[in-house]
Amino acid sequence: MAYPDWETAGFFSSSLAAESVKFNFLELYIPSNIFASLSQTIVPAVVLFSLLMGIALINVKNKEIFLTLTSNISDSLMGVASFVAKLAPLGIFAISAAAAGTLQVEELGRLQVFLWVYLTAAALLGLVLLPLIIHWATPFSYKEVLSTAGEAVVTALATGTVLVVLSMIVERCKELLEKHGMDCEETKSTVDVLVPTAYSFPSTGTLLGLGFILFSAWYVGSPLGIEQYPSYVVMGALTAFGSMAVAIP
Numbered sequence: 000m001a002y003p004d005w006e007t008a009g010f011f012s013s014s015l016a017a018e019s020v021k022f023n024f025l026e027l028y029i030p031s032n033i034f035a036s037l038s039q040t041i042v043p044a045v046v047l048f049s050l051l052m053g054i055a056l057i058n059v060k061n062k063e064i065f066l067t068l069t070s071n072i073s074d075s076l077m078g079v080a081s082f083v084a085k086l087a088p089l090g091i092f093a094i095s096a097a098a099a100g101t102l103q104v105e106e107l108g109r110l111q112v113f114l115w116v117y118l119t120a121a122a123l124l125g126l127v128l129l130p131l132i133i134h135w136a137t138p139f140s141y142k143e144v145l146s147t148a149g150e151a152v153v154t155a156l157a158t159g160t161v162l163v164v165l166s167m168i169v170e171r172c173k174e175l176l177e178k179h180g181m182d183c184e185e186t187k188s189t190v191d192v193l194v195p196t197a198y199s200f201p202s203t204g205t206l207l208g209l210g211f212i213l214f215s216a217w218y219v220g221s222p223l224g225i226e227q228y229p230s231y232v233v234m235g236a237l238t239a240f241g242s243m244a245v246a247i248p
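First residue of the sequence shown: 0, per numbering that gives the first Met the number 0; consecutive thereafter.
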């Protein structure tokens, strides 16, 4: 409903006659090669493998050395991610400048429809709905939630991914817990486990990105029909684990 009707010419493309590649859920959730899943950023497969590895380690003797090694590797990778997050805005600026310089006026007029719809929905979720839910479910005030999450939100917007700000989210959560006298070993370990784990599950922001499919269909003049919406919602939710790079294709 947010996208207006407009007339467009139709052109034949050989891709329209090509058979579409069927999506394989087994490759997404059950890794046959964990290193291939890591290199292709197939997050659900990596998470499932990690969970099974963690369960198997429960009954393994002399696992302290391995756990210390993995903890050090995790801290090192988080440090690298924080460094990349500081440099990412420069690359985002260069990409945006190149896109703005090659974008035609007609294309910009249609593109701003998606931008306004996306920004409006993101603002309602990020500034109103989600902070109010957190305020209702926790002792944190609405102002505290916004001020604490502000830096992570800006960095995630500049880089285009939440992965690089996971360490920042963990630190800010611990600061809030300490401020309200809830800082203990149990709460710290809970934050350390839940934040990376929650990243692999579909979030409101991830599902919001599925709106690009509706926009792209409207943009090329072939909007989705009513009968296609159920499969669009189900497939989008099931494939939106970890990254929209998996769901959008």
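Heads up, the beta-carbon is just placed ideally off N, CA and C, and yes, glycines get one too.
Everything numeric in this text was worked out from a predicted model, so none of it was measured.
Check                                                                                                                                         : Outcome
Here's the rule I'm using: 16 or more other beta-carbon atoms within 10 Å means buried, otherwise exposed. How should Val151 be labelled?     : In the sequence under discussion, the amino acid at residue 151 is Ala, which differs from the Val named in the question. Buried: at least 16 other Cβ atoms inside 10 Å.
State the Cα-Cα distance for the pair Thr186 and Leu128, rounded to the nearest angstrom.                                                     : 25 Å
For the candidate residues Ser215, Gln227 and Val219, whose alpha-carbon lies nearest to that of Leu114?                                      : Ser215
Express the C-alpha separation of Val59 and Ser230 in angstroms, rounding to a whole number.                                                  : 43 Å
Ile133 and Val144: beta carbons closer than 7 Å?                                                                                              : yes
Using a 10 Å radius around the Cβ and a threshold of 16 neighbouring Cβ atoms, would you call Ala148 buried or exposed?                       : buried
Report yes if the C-beta distance between Asp182 and Leu175 is below 7 Å; otherwise report no.                                                : no
Could you give the distance in angstroms between the alpha-carbon of Ile329 and the alpha-carbon of Gln39?                                    : Within the shown structure, residues of the chain are numbered from 0 to 248, placing residue 329 beyond reach of any answer.
Assuming the contact rule is C-beta atoms closer than 8 Å, Ile168 and Val192 should be a hit. Round their C-beta distance to whole Å, please. : That belief does not hold up - the Cβ atoms of Ile168 and Val192 are roughly 13 Å apart, past 8 Å.
Quick one: grab the DSSP three-state call for Asp182.                                                                                         : coil
What are the boundary residues of the alpha helix (DSSP H) that includes Pro130?                                                              : Leu129 to Ala136
What's the C-alpha gap between Thr196 and Ser49?                                                                                              : 10 Å
How far does the alpha helix (DSSP H) with Ile225 in it extend, from its first residue to its last?                                           : Segment: none, Ile225 is in no alpha helix (DSSP H) and carries neither H nor E.
Once you ignore the five residues that flank Leu207 on each side, which residues in its own chain have a CB closer than 8 Å to its CB?        : Tyr117, Ala120, Ala121 and Leu124
Could you have a look at Ser140 and say whether DSSP puts it in helix, strand or coil?                                                        : coil
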